[in-house]
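So the structure is just underneath, and the comments pick up after that.
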Amino acid sequence: MFTLWTLIEASLLCLNAVCILHEERFLAKFGWGRHAGQQSFGAPTAKDQVLNLIRSIRTVAKIPLIFLNIIAILFKLLLG
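FYI, in mature numbering (1 follows the signal peptide of the UniProt record, and there is no 0) the residues of the sequence shown are -17 to -1, 1 to 63.
Written out as structure tokens, the structure is:
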């Protein structure tokens, strides 16, 4: 059954996945490493924007994700 909780849980899992991506180990294999998105001029490409989004999410959401994960774990433990 699809509920609001499953949507929140799926979003939390996706944010966790983005935060644990390691640029040198995983993204560099596909040409999306730390130095792949550096341009000297011009409009940023879609690849540059995705890399910036990943870095921004990692920077901003790291601490709140810890607390959200604790709440989700407690909710699962108490209510199943």
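Built from N, CA and C at the ideal position, the CB exists for glycine as well.
Here the structure is a predicted model, which means the values were calculated and not measured.
(1) For my contact list, L48 and C(-4) are in at a C-beta cut-off of 8 Å; report their separation, rounded to the angstrom.
(2) Once you ignore the five residues that flank L10 on each side, which residues in its own chain have a CB closer than 7 Å to its CB?
(3) Taking the straight line between their C-alpha atoms, what separation do you get for F50 and A(-1)?
(4) Can you have a look at L34 and say buried or exposed, based on whether 16 or more other CB atoms are within 10 angstroms of its CB?
(5) Check E(-9) in the structure and name its three-state DSSP category.
Answer, in terms of the structure:
(1) The residue you call residue 48 lines up with position 65 of the sequence shown. The residue you call residue -4 lines up with position 14 of the sequence shown. The Cβ separation is near 11 Å, so there is no contact.
(2) Locating residue 10 in the sequence shown gives position 27, counting from the first residue. Here the set comprises L4 and G16.
(3) Position 67 of the sequence shown holds residue 50. Position 17 of the sequence shown holds residue -1. Answer to the nearest angstrom: the Cα atoms are 16 Å apart.
(4) Within the sequence shown, the letter at position 51 stands for residue 34. In summary, L34 is buried, with 16 or more beta-carbon neighbours lying within 10 Å of its beta-carbon over all protein chains present.
(5) As a position in the sequence shown, residue -9 is number 9, starting the count at 1. E(-9) falls in the helix class under three-state DSSP.
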